[in-house]
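Numbering (the working numbering), first residue to last: 45 to 283.
Glycine included, each C-beta is placed from N, C-alpha and C at the ideal position.
Below: one structure, written as structure tokens.
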Amino acid sequence: MDRDKYLKLLKSTDNHQELDDFTEKSLEGFQYLPEHISAESLLDRIDRKIDQASGSKKPAIRRRLPFILSIAATICLLLYAGLGIMSNNTVPASGDLFQEYHSPLPVAIPDKGIKRDLMTAEIQDYLSEAFRLYESGSYDAANELFHRVERDGTSSPEVLFYHGLSLLASGRTDLSIEKLSPLLKQLADPAYSENLHWYLALAYVKSEDFQQAIPLLESLQNSRFYQHKAANLIQAITE
Numbered sequence: 045m046d047r048d049k050y051l052k053l054l055k056s057t058d059n060h061q062e063l064d065d066f067t068e069k070s071l072e073g074f075q076y077l078p079e080h081i082s083a084e085s086l087l088d089r090i091d092r093k094i095d096q097a098s099g100s101k102k103p104a105i106r107r108r109l110p111f112i113l114s115i116a117a118t119i120c121l122l123l124y125a126g127l128g129i130m131s132n133n134t135v136p137a138s139g140d141l142f143q144e145y146h147s148p149l150p151v152a153i154p155d156k157g158i159k160r161d162l163m164t165a166e167i168q169d170y171l172s173e174a175f176r177l178y179e180s181g182s183y184d185a186a187n188e189l190f191h192r193v194e195r196d197g198t199s200s201p202e203v204l205f206y207h208g209l210s211l212l213a214s215g216r217t218d219l220s221i222e223k224l225s226p227l228l229k230q231l232a233d234p235a236y237s238e239n240l241h242w243y244l245a246l247a248y249v250k251s252e253d254f255q256q257a258i259p260l261l262e263s264l265q266n267s268r269f270y271q272h273k274a275a276n277l278i279q280a281i282t283e
């Protein structure tokens with residue numbers, strides 16, 4: 045099963061079974077796998093390294109891993125047939141690609157560059173609550189609070205960045221592009237720039253503006269975090 049079909053299956057809105065935490069992490073990790081490397085070969089390399097480090101033979105469950113993987117692949121293929129996902133069109137729709145590659149960015153750096161010292165206590169509370177709502181997946185509510193902060197006039201490029209991500213996650217793609225695209229010149233901080241290029245590219249993919257998306261993805265070719273995801277997405281929208 046190829047990468048795009050696997051990702052589409054796991055994130056399909058037709059698949060109503062909620063993914064467990066391990067599968068969610070597997071899905072995210074699968075997006076980083078280079079196109080020319082199979083998951084099976086990578087697992088085999090990891091397996092050999094474990095044997096070398098431990099000096100022990102494979103336990104029964106690891107000896108049976110290729111067999112287990114083949115069963116899992118067969119089940120996935122059957123699920124595809126049952127859900128009617130397989131078709132003659134090998135290029136996923138832009139909305140499908142967005143769904144496959146988009147994962148909300150955690151608020152890991154909310155205070156960096158944000159002018160909290162210029163904000164009233166009320167606006168600071170709005171901003172803190174906006175971040176909390178964003179991380180909890182309540183994007184529409186977060187957008188309202190981000191807007192209040194910006195209307196106060198004490199917003200910063202960093203706040204606009206997270207507002208743009210929240211708009212993107214809530215499905216307001218055009219507004220997200222309007223919010224994020226000016227930041228390419230305003231937000232040079234390396235802590236933000238790679239994320240900005242990735243999520244703005246995803247917004248353009250969703251809006252089917254591939255000409256705008258490709259240069260942003262190409263700019264990530266040396267990124268340690270997005271390199272393979274960007275390369276895989278470029279291939280998906282150009283094949």
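Taken through DSSP and simplified to helix, strand or coil, Leu-231 comes out as coil. For Phe-175, the closest C-alpha among the options Phe-205, His-146, Asp-196 is that of Phe-205. Ile-158 and Asp-196 do not touch by the CB rule: their CB atoms are close to 13 Å apart, not below 8 Å.
The three-state reading of DSSP puts Pro-150 in coil, since its state is none of H, G, I, E or B. Within the model, the alpha-carbon separation for Phe-190 versus Asp-140 is close to 28 Å. The C-beta separation of Leu-224 from Tyr-243 comes to about 7 Å, placing the pair in contact by the 8 Å criterion. By the Cβ-count criterion, Phe-269 is exposed, with fewer than 16 other Cβ atoms from all chains shown falling within 10 Å of its own Cβ. Note that the C-beta distance between Ala-213 and Tyr-183 is below 8 Å. Excluding the 5 residues flanking it on each side, Phe-142 has same chain C-beta neighbours closer than 7 Å at Leu-246, Val-249, Lys-250, in chain order. One alpha carbon belongs to Thr-198, the other to Leu-162, and they sit about 7 Å apart. Shortest Cα-Cα distance from Leu-171 to any of Glu-179, Leu-211, Val-203, Leu-228 involves Val-203. Rounded to whole angstroms, the gap between the alpha carbons of Gly-181 and His-146 is 13 Å.
Taking each of Ile-281, Pro-150, Ser-237 in turn and checking the Cα distance to Gln-256, the smallest one comes out for Ile-281. Counting only the Cα atoms, Gln-271 lies some 33 Å from Ala-185. Pairing Pro-201 with Leu-227 gives a Cβ-Cβ distance under 8 Å. From the listed residues Leu-231, Asn-187, Val-193, the smallest Cα separation to Arg-216 is found for Asn-187.
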